[in-house]
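Heads up: the structure comes next, in structure tokens.
Protein chains: 2
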Amino acid sequence: MTVTIKDVAKRAGVSPSTVSRVLSNHPRISLETSRKVKEIMEEMGYHPNMMAKSLVSKTTNSICIILPKPAEELFSNLFFMELIRGIVTQAGRSGFDVLISSGANEKEELEAVSRLLKGRRVDGVILLYSRKDDSVIDFLESNGYPFVLVGRSDRYENILSVDNDNVMAAFDATNHLITMGHERIGFVSGPPNLIVSRDRLAGYQKAMEESGLEIRPEWIVEGEFLQDSGYRAMSFFMNLPNRPTALLVVDDMISFGVLRGLNELKYTVPQDLALVGFNNIPLSELSSPPISSIDIGIYHLGYTASQVLIQAIQQPDKDIGYTNRFIIPHRLIVRESSMYSPGRK
Amino acid sequence: MTVTIKDVAKRAGVSPSTVSRVLSNHPRISLETSRKVKEIMEEMGYHPNMMAKSLVSKTTNSICIILPKPAEELFSNLFFMELIRGIVTQAGRSGFDVLISSGANEKEELEAVSRLLKGRRVDGVILLYSRKDDSVIDFLESNGYPFVLVGRSDRYENILSVDNDNVMAAFDATNHLITMGHERIGFVSGPPNLIVSRDRLAGYQKAMEESGLEIRPEWIVEGEFLQDSGYRAMSFFMNLPNRPTALLVVDDMISFGVLRGLNELKYTVPQDLALVGFNNIPLSELSSPPISSIDIGIYHLGYTASQVLIQAIQQPDKDIGYTNRFIIPHRLIVRESSMYSPGRK
DNA sequence: CTGTTAGCGCCTTCAT
DNA sequence: ATGAAGGCGCTAACAG
Chain A
172 MTVTIKDVAK RAGVSPSTVS RVLSNHPRIS LETSRKVKEI MEEMGYHPNM MAKSLVSKTT
232 NSICIILPKP AEELFSNLFF MELIRGIVTQ AGRSGFDVLI SSGANEKEEL EAVSRLLKGR
292 RVDGVILLYS RKDDSVIDFL ESNGYPFVLV GRSDRYENIL SVDNDNVMAA FDATNHLITM
352 GHERIGFVSG PPNLIVSRDR LAGYQKAMEE SGLEIRPEWI VEGEFLQDSG YRAMSFFMNL
412 PNRPTALLVV DDMISFGVLR GLNELKYTVP QDLALVGFNN IPLSELSSPP ISSIDIGIYH
472 LGYTASQVLI QAIQQPDKDI GYTNRFIIPH RLIVRESSMY SPGRK
Chain B
172 MTVTIKDVAK RAGVSPSTVS RVLSNHPRIS LETSRKVKEI MEEMGYHPNM MAKSLVSKTT
232 NSICIILPKP AEELFSNLFF MELIRGIVTQ AGRSGFDVLI SSGANEKEEL EAVSRLLKGR
292 RVDGVILLYS RKDDSVIDFL ESNGYPFVLV GRSDRYENIL SVDNDNVMAA FDATNHLITM
352 GHERIGFVSG PPNLIVSRDR LAGYQKAMEE SGLEIRPEWI VEGEFLQDSG YRAMSFFMNL
412 PNRPTALLVV DDMISFGVLR GLNELKYTVP QDLALVGFNN IPLSELSSPP ISSIDIGIYH
472 LGYTASQVLI QAIQQPDKDI GYTNRFIIPH RLIVRESSMY SPGRK
């Protein structure tokens with residue numbers, strides 16, 4: 172049924188070793204033989220058996236992605252799919268396959284990772300989240316397995332990671348609003364345990380301070396009100412005395428909730444409240460009005476993560492510690508939601 | 172470095188076969204030995220080498236997903252991610268790993284599939300698209316490889332597939348609008364080469380005909396105007412003499428474009444035009460107004476596809492031809508965008 | 001019940 | 001430049 176090296180060898184009248192050498196472009200092999208063998212391989216439809224190859228080479232040419240559990244996905248599926256696309260594309264170019272896995276809880280995740288790595292099914296791992304303490308990272312690190320984190324961890328310093336400069340991104344976004352003439356700017360955050368939320372908050376604060384603008388605690392909202400509560404949250408917010416004229420929102424998905432709340436309350440964006448979001452999901456430009464957003468290069472993030480991981484797999488020595496964090500550039504996309512300059516009061 | 176069966180055997184004072192038997196829960200093995208071996212495995216941190224296992228068993232316990240190329244993804248990333256989640260979850264429960272792959276064009280796709288299958292890296296394939304003629308399907312079918320199609324193909328009749336009844340779904344959606352009192356109903360379609368577009372169009376037409384309502388060709392629009400052209404398309408549409416009072420939109424993503432166009436033209440939904448979409452993406456309920464949508468159970472679609480494929484892999488005899496199409500139920504989610512009954516004229 | 005033997009398909013010495 | 005032999009880690013006969 173299956174065509175093996177042996178078969179090809181027999182048919183070509185040479186030894187299996189010779190065929191094997193042809194396969195690996197061995198230098199010491201006659202051009203004549205090489206040509207003939209290749210022809211026969213083609214003719215017989217030979218395909219190398221990856222499993223056998225892996226068994227002897229102790230390498231699998233594949234990596235795996237650990238999806239976060241649904242609970243943690245504030246940043247929607249859009250985000251992950253785009254990331255995966257980047258990863259898969261780059262991995263493909265390097266001749267790597269991508270395996271995708273997830274677990275219902277951290278324990279299951281750890282089991283899966285352990286099985287895949289110890290069972291020699293993959294050579295390395297891409298982690299798509301950043302938790303505070305993470306048994307998976309502990310496992311990977313203490314066993315010396317190659318892995319890269321998409322995001323940032325402040326507990327683990329010297330691990331490979333690919334991330335945006337979220338502080339700077341928020342800084343830029345805030346300054347954009349300030350430049351537009353806003354002085355009272357609020358911030359809608361995501362789950363506070365996500366590092367990205369904290370980083371963006373920090374960038375916002377930094378920009379406000381550097382411009383000598385006031386930050387009031389009640390201007391900072393934690394935005395888990397994706398669904399129904401968008402209305403109430405915005406209602407509270409808009410009724411503040413001396414309310415903000417602009418809002419930085421940590422994720423475009425949340426922006427939609429905000430927008431919805433504002434709409435129900437009959438407020439107009441950007442006149443009553445200007446908006447700038449993050450992540451620039453495809454729908455950001457389709458909403459009414461289109462939302463200004465920081466594009467963080469999600470595809471690029473995935474592409475780079477894959478590249479970095481594969482490099483680490485192939486040359487396990489290069490990470491000397493000072494080039495371990497890779498920063499993907501961001502850029503602000505200005506749309507209608509922030510194209511309005513408030514008059515002074 | 173790696174702990175093998177041999178090592179465990181030596182340490183336990185038994186033969187490798189015995190250890191292997193313990194691993195596979197062989198019946199004829201003393202309880203005593205079994206316990207001891209298991210203990211030692213635990214203690215030595217033994218993990219079976221998947222590659223070696225695959226090599227001898229000629230089975231990989233993994234499947235692969237072929238992503239469509241970006242060009243074909245009218246139905247956004249949201250759709251695919253949700254699908255993948257369903258697939259990965261179910262596969263995990265059956266002890267299968269999921270590999271994900273894609274190609275820049277059909278030729279590359281075919282190469283990838285061929286490499287994975289002939290190279291014995293995966294046992295079967297899930298196809299996430301339905302094209303008219305497909306060299307990948309031809310390849311899979313003629314080689315007798317297990318695969319399942321998410322979607323429908325009218326060229327290939329007897330292949331395993333998981334799909335919605337899109338005709339019925341569109342029928343239901345249209346009837347909902349009719350029940351609400353609409354008589355002039357339009358249809359925004361997707362790319363005409365996608366079967367799902369055609370099926371939904373058919374369901375719409377059926378419902379209209381059965382209710383004795385008129386269908387005008389100019390009421391049927393091909394909706395590739397996601398981005399900028401939403402405005403112009405809607406402008407054309409709303410200026411029709413005797414224009415529709417309701418619109419069926421083939422995908423929620425497109426609904427956003429429509430909504431945006433309407434907004435710019437100062438029309439109100441649902442008063443000026445009622446809207447019902449498909450796929451019920453998470454954002455459908457966050458838009459202003461929230462969009463009524465047919466939920467097609469994307470996760471369920473993926474979950475079932477995985478289940479069907481794995482079953483086909485494990486018992487390659489069962490598909491006798493009359494149970495090859497699996498239909499996932501849909502349901503209409505009514506929201507504001509269709510909660511308005513137009514007065515008669 | 002347990003041990004021995006022989007591969008799965010490939011690669012890598014070691015000879016020639 | 002090519003062949004022969006041994007082994008990667010595991011399973012599946014075949015013997016006891």
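Same order as they appear, the protein sequences are chains A and B. Residue numbers for the first sequence, in our numbering: 172 to 516. Residue numbers for the second sequence, in our numbering: 172 to 516. Glycine included, every Cβ here is placed at the ideal spot set by N, Cα and C. Treat the numbers as computed from the prediction; the structure is a model and nothing was measured.
- Within the stretch 180-264 of chain A, the complete beta strand (DSSP E) segments at least 3 residues long are 233-237, listed from N- to C-terminus.
- In this structure the stretch 184-191 of chain B does not touch the stretch 184-198 of chain A; the number of beta carbon pairs closer than 8 Å is below three.
- Under a criterion of Cβ atoms nearer than 8 Å, no residue of chain B is adjacent to A/K437; the nearest Cβ is some 11 Å distant.
- Nearest Cα to B/S285 within the set B/V307, B/K229 and B/L446: B/V307.
- In the structure shown, the three-state DSSP call for B/F267 is coil.
- For A/V338 and A/L372, the gap between their C-alpha atoms comes out near 7 Å.
- B/A340 places its beta carbon less than 8 Å from that of B/H501.
- Between A/E507 and A/P461, the beta carbon gap of about 5 Å places them in contact (Cβ cut-off 8 Å).
- Contact check between the stretch 349-368 of chain B and the stretch 415-433 of chain B: three or more CB pairs, one atom from each, fall below 8 Å, which counts as touching.
- For B/L288, the enclosing alpha helix (DSSP H) has its first and last residue at E277 to K289.
- Take the alpha-carbon of B/E354 and the one of B/P415: they are about 8 Å apart.
- Residues of chain A whose Cβ lies closer than 7 Å to the Cβ of B/N220 are, in chain order, G290 and R291.
- Close to A/N248, with beta-carbon spacing below 7 Å, are these residues of chain B in chain order: N248, L249, M252 and E253.
- A distance below 7 Å between beta-carbons, with the five flanking residues on each side excluded, links A/A476 to the following residues of its chain, in chain order: I258, I297, V319, V321 and V333.
- Just so you know, the alpha carbons of B/Q482 and B/L433 end up roughly 48 Å apart.
- B/D334 is bridged by DSSP to B/I498.
- One Cα belongs to A/S509, the other to A/S464, and the distance between them is close to 9 Å.
- Collapsing the DSSP output to three states places B/G448 in a strand.
- As computed with DSSP, A/S360 is found in a beta bridge with A/E393.
- With a cut-off of 8 Å on Cβ pairs, the stretch 436-451 of chain B is not in contact with the stretch 211-221 of chain B, counting fewer than three such pairs.
- B/A262 has its alpha-carbon roughly 9 Å from the corresponding atom of B/N232.
- By the Cβ neighbour-count rule, B/M172 is exposed, with fewer than 16 other Cβ atoms within 10 Å of its own.
- Using a CB distance cut-off of 8 Å, A/D466 does not count as an interface residue toward chain B.
- Proximity to B/P239 across B/N451, B/I255, B/L446 and B/V179 peaks at B/I255, based on C-alpha coordinates.
- In terms of CA proximity to B/N314, B/D294 leads the group B/N410, B/D294 and B/I499.
- When 7 Å is used as the limit between beta carbons, A/N434 is near these residues of chain B: S459, in chain order.
- Scanning its chain for C-beta atoms nearer than 7 Å, with the 5 sequence neighbours on each side dropped, one finds around A/S382 the residues I349, in chain order.
- With respect to chain A, the C-beta atom of B/G428 has a partner C-beta closer than 8 Å.
- Neighbours of A/I211 in chain B, taken as residues whose beta carbon is under 7 Å from its own, are absent, since the nearest beta carbon is some 16 Å off.
- Taken through DSSP and simplified to helix, strand or coil, A/V296 comes out as strand.
- For the stretch 266-279 of chain B, the residues whose beta carbon sits under 9 Å from a beta carbon of chain A are, in order, D268, V269, L270, I271, S272, S273, G274, A275 and E279.
- Beta-bridge analysis with DSSP links A/V319 to A/I297.
- With contacts defined as CB atoms closer than 8 Å, B/F497 and A/L457 fail to qualify as a contacting pair.
- The Cβ atoms of B/I504 and B/N450 lie no closer than 8 Å to each other.
- By the criterion of a C-beta distance shorter than 8 Å, A/L411 is surrounded in its chain by E389 and W390, once the five residues flanking it on both sides are discounted.
- Taking C-alpha positions only, A/Q485 is separated from A/T230 by approximately 10 Å.
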